[in-house]
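**Q**
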Amino acid sequence: MKRITLPLRAAIVAAGISLCGAGFTAAPAAAASLYNVSKYAAVLINSETGEVMYARQADARRYPASITKVMSLYVAFEELEAGRLKESDRITISRFAAGQPPSKLGLKPGSTISVHDAMGVMATRSANDISVALAEHISGSQEAFAARMTATARRIGMSNSVFRNPHGLPDAGHFTTARDIATLSRAVIRDFPQRYKLFSTVEFEYEGRAIGNHNHLLKTLPGVDGIKTGFTNAAGFTLAASAAKNGVRLIAVVLGGPNRFLRDGNVTDLLETGFDVINRRARGELTTVAANFAEPDDLSDAVMERLAEQGPAYDGVVLTATTERLVVPGMQPRAAP
Numbered sequence: 026m027k028r029i030t031l032p033l034r035a036a037i038v039a040a041g042i043s044l045c046g047a048g049f050t051a052a053p054a055a056a057a058s059l060y061n062v063s064k065y066a067a068v069l070i071n072s073e074t075g076e077v078m079y080a081r082q083a084d085a086r087r088y089p090a091s092i093t094k095v096m097s098l099y100v101a102f103e104e105l106e107a108g109r110l111k112e113s114d115r116i117t118i119s120r121f122a123a124g125q126p127p128s129k130l131g132l133k134p135g136s137t138i139s140v141h142d143a144m145g146v147m148a149t150r151s152a153n154d155i156s157v158a159l160a161e162h163i164s165g166s167q168e169a170f171a172a173r174m175t176a177t178a179r180r181i182g183m184s185n186s187v188f189r190n191p192h193g194l195p196d197a198g199h200f201t202t203a204r205d206i207a208t209l210s211r212a213v214i215r216d217f218p219q220r221y222k223l224f225s226t227v228e229f230e231y232e233g234r235a236i237g238n239h240n241h242l243l244k245t246l247p248g249v250d251g252i253k254t255g256f257t258n259a260a261g262f263t264l265a266a267s268a269a270k271n272g273v274r275l276i277a278v279v280l281g282g283p284n285r286f287l288r289d290g291n292v293t294d295l296l297e298t299g300f301d302v303i304n305r306r307a308r309g310e311l312t313t314v315a316a317n318f319a320e321p322d323d324l325s326d327a328v329m330e331r332l333a334e335q336g337p338a339y340d341g342v343v344l345t346a347t348t349e350r351l352v353v354p355g356m357q358p359r360a361a362p
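Here's what the structure looks like:
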């Protein structure tokens, strides 16, 4: 049997499915097989070597949603390093910034926020209003800042991305690719190793309030220390995640997920399979992520309707007591890491 690894099982459980005995039950929801979703794209890279360990639609143009803010913060980090911006500087909230749709902090026009706090709520709350305010503070307007974002993208090797705003709300001309987001993530880690820690913030304290990070993997997957989630109807659920283990850092990017649970489960599977492959290569095995990755569309449509859509119970899906893995009959197993 080929098995779906624990991360996908965890996503299934988190989504509200109860695994019991030889089957499971759940309430109906939406979304078919993850890889049948037209918006889906993914890539896994080794941050140190740049090796692309896995790619699926990695160069297809996609909307990045709030992962856009990683580029906005990259530009802000450049300004801080150049001395043209200080964390103590106060940013004034314009009427345009205050009028941005959620997710937002909700400050009124004319109020101010420090650069330090602005970056913190962008990385955690993913505040669209504060993203625009920071962009206006640095470049004078959202449009000028977006042009700088695109220019910066080209300079660091993002060849297929155009930015129209600093937050990632839908714009027909605002697009990227999974590969470009991995390139951006790698650049942040490489160019600003101290400031990268901002993306590890589980909770950011702002004026006595604890603002939680939307990246749940920071709390559920050991080794993950960033980077950024996102969601719009146009983009689907997006996530760029980085994890370090035994001196190796991997970056996984998933764009266009149909829901948070499948997105997070897919990223988790990519990272864990990647580290497993690296360990096995160190022992002399010649192997790849693709050869060891149990992809959701390897399953039949009947099974995926229950795993992805959380439909009626399927008696053929069992959780083994010995391996604690979800087993689907008729699929070949891979050795547990």
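Using this note's numbering, the first residue of the sequence shown is number 26, and each one after it goes up by one. We put the CB at the ideal spot given by N, CA and C, even for glycine.
1) Would you call Gly122 buried or exposed, if buried means 16 or more other Cβ atoms sit within 10 Å of its Cβ?
2) So for Glu106, helix, strand or coil by DSSP?
3) What separation, rounded to the nearest whole angstrom, lies between the Cα atoms of Gly248 and Pro218?
4) How far does the beta strand (DSSP E) with Val279 in it extend, from its first residue to its last?
5) Less than 8 Å between the C-beta atoms of Ile236 and Thr93, yes or no?
6) Buried or exposed, going by whether 16 or more other CB atoms sit within 10 Å of the CB of Ser371?
7) Please name the residue in Ala203, Ser186, Arg204 and Val146 whose C-alpha comes closest to that of Ala197.
8) Just the C-alpha distance for Ser156 and Thr312, rounded to the nearest angstrom, thanks.
9) Cα separation between Gly46 and Tyr231?
10) Does DSSP classify Thr137 as helix, strand or coil?
11) Measuring CA to CA, which of Ser72, Ala158 and Phe318 is closest to Asp301?
12) Would you decide whether Val227 is buried or exposed? Buried here means 16 or more other CB atoms lie within 10 Å of its CB.
13) Enumerate in chain order the residues of its own chain whose CB-to-CB distance from Ala260 is below 8 Å, with the five nearest sequence positions on each side excluded.
14) Determine the contact status of Ser151 and Ser128, defining contact as a CB-CB distance below 8 Å.
15) Cutting at 6 Å between CB atoms, please list the residues of its own chain near Leu296, excluding the five before and the five after it.
16) In the structure shown, what three-state DSSP assignment does Asp250 receive?
17) Check whether chain D comes within 8 Å of Leu246, counting only Cβ atoms and requiring the distance to be less than that.
18) Out of curiosity, what's the CA-to-CA distance linking Met183 and Asn153?
19) Could you tell me the distance, in whole angstroms, from the CA atom of Pro191 to the CA atom of Ala169?
20) Mark Glu17 as exposed unless 16 or more other C-beta atoms lie within 10 angstroms of its C-beta, in which case mark it buried.
21) Do Leu242 and Val292 have their C-beta atoms closer together than 8 Å?
22) Are there 16 or more other CB atoms within 10 angstroms of the CB of Pro283, so buried, or fewer, so exposed?
23) Return the chain-ordered ranges of every alpha helix (DSSP H) run that is complete within the stretch 112-189 and spans a minimum of 4 residues.
24) So if DSSP puts Ala237 in a beta bridge, which residue, or which two residues, is it bridged to?
25) Who pairs with Phe262 in a beta bridge, going by DSSP?
26) Measure the CB-CB distance between Thr254 and His239 and report whether it falls below 8 Å.
27) For Tyr88, does the three-state DSSP call read helix, strand or coil?
28) Using beta-carbon positions only, say whether Ile118 and Ser136 come within less than 8 Å of one another.
29) Can you give me the C-alpha to C-alpha distance between Arg173 and Lys133, rounded to a whole angstrom?
30) How big is the Cα-Cα spacing for Ala39 and Ala107?
31) From this set, Phe262, Ala67 and Ala143, which residue's C-alpha is nearest Phe286's C-alpha?
32) Determine the extent of the beta strand (DSSP E) in which Val68 is found, giving its start and end residues.
33) For Asp289 and Ser210, I'd like the C-alpha separation in whole angstroms.
34) Looking only at its own chain, which residues have a Cβ that is under 6 Å from the Cβ of Ala178, when we skip the five neighbours before and after it?
35) Would you list the one or two residues that DSSP bridges to Ser267?
36) Classify Ala212 as buried or exposed, calling it buried when 16 or more other Cβ atoms lie within 10 Å of its own Cβ.
**A** Quick look at the numbers:
1) In the sequence on display, residue 122 carries Ala and not Gly. Burial call: buried.
2) Here Glu106 sits in helix by DSSP.
3) Each residue's alpha carbon lies about 16 Å from the other.
4) Val273 to Gly282 is the span of the beta strand (DSSP E), which, as asked, contains Val279.
5) No, the pair does not count as a contact, with Cβ atoms beyond the cut-off.
6) Absent from the model: residue 371. The displayed extent of the chain is 26 to 362, so no value can be given.
7) Residue nearest to Ala197 within the set Ala203, Ser186, Arg204 and Val146 is Ser186 (criterion: CA-CA distance).
8) Straight-line Cα distance between these residues: approximately 42 Å.
9) For Gly46, the predicted structure reports a pLDDT of 33, less than 50, and the residue's modelled location is therefore unreliable. A value from the coordinates is still provided. Taking the CA atoms as reference points, Gly46 sits about 46 Å from Tyr231.
10) For Thr137, the secondary structure class from DSSP, reduced to helix, strand or coil, is strand.
11) When only C-alpha atoms are compared, the closest one is Phe318.
12) Exposed, since its Cβ has fewer than 16 Cβ neighbours within 10 Å.
13) Cβ neighbours of Ala260 beyond the five flanking positions: Lys64, Arg87, Tyr88, Pro89, Ala90, Gly193, Pro195, Leu280 and Gly281.
14) Yes, the pair counts as a contact, with Cβ atoms nearer than the cut-off.
15) So the qualifying residues of the chain are Ala268, Leu275 and Ala277.
16) Assigned with DSSP and collapsed to three states, Asp250 falls in strand.
17) Annotation note: the requested chain D is absent from the structure, which comprises a single protein chain.
18) Their Cα atoms are separated by approximately 23 Å.
19) Whole-angstrom Cα-Cα distance: 10 Å.
20) Beyond the ends of the chain as shown, which are 26 and 362, falls residue 17; an answer cannot be given.
21) Going by C-beta atoms, Leu242 is nearer than 8 Å to Val292.
22) By the neighbour-count rule (16 or more Cβ atoms within 10 Å), Pro283 is buried.
23) Runs of the alpha helix (DSSP H) inside the stretch 112-189: 120-123, 140-148, 153-164 and 167-180.
24) Looking at the sequence shown, residue 237 is not Ala but Gly. According to DSSP, which records beta bridges pairwise, Gly237 is partnered with Glu228.
25) Per DSSP, Phe256 and Gly282.
26) A contact, by the Cβ cut-off of 8 Å.
27) Secondary structure at Tyr88: coil, using DSSP grouped into helix, strand and coil.
28) For Ile118 and Ser136, yes; Cβs fall inside 8 Å.
29) Their backbone Cα atoms lie some 27 Å apart in a straight line.
30) Because Ala39 carries a pLDDT of 39, less than 50, the predicted location of this residue cannot be relied on, and no value is offered for it.
31) When the alpha-carbon of Phe286 is set against those of Phe262, Ala67 and Ala143, the nearest one is in Phe262.
32) Note, Val68: beta strand (DSSP E), Ala66 to Asn71.
33) Spanning the two alpha carbons is a distance of roughly 17 Å.
34) The residues Ser186, in chain order, have a CB closer than 6 Å to that of Ala178 in the same chain once the five nearest residues on each side in sequence are set aside.
35) For Ser267, which the question treats as bridged, DSSP gives the partners Gly251 and Ile276.
36) Looking at its Cβ environment, which holds 16 or more other Cβ atoms inside 10 Å, Ala212 is buried.
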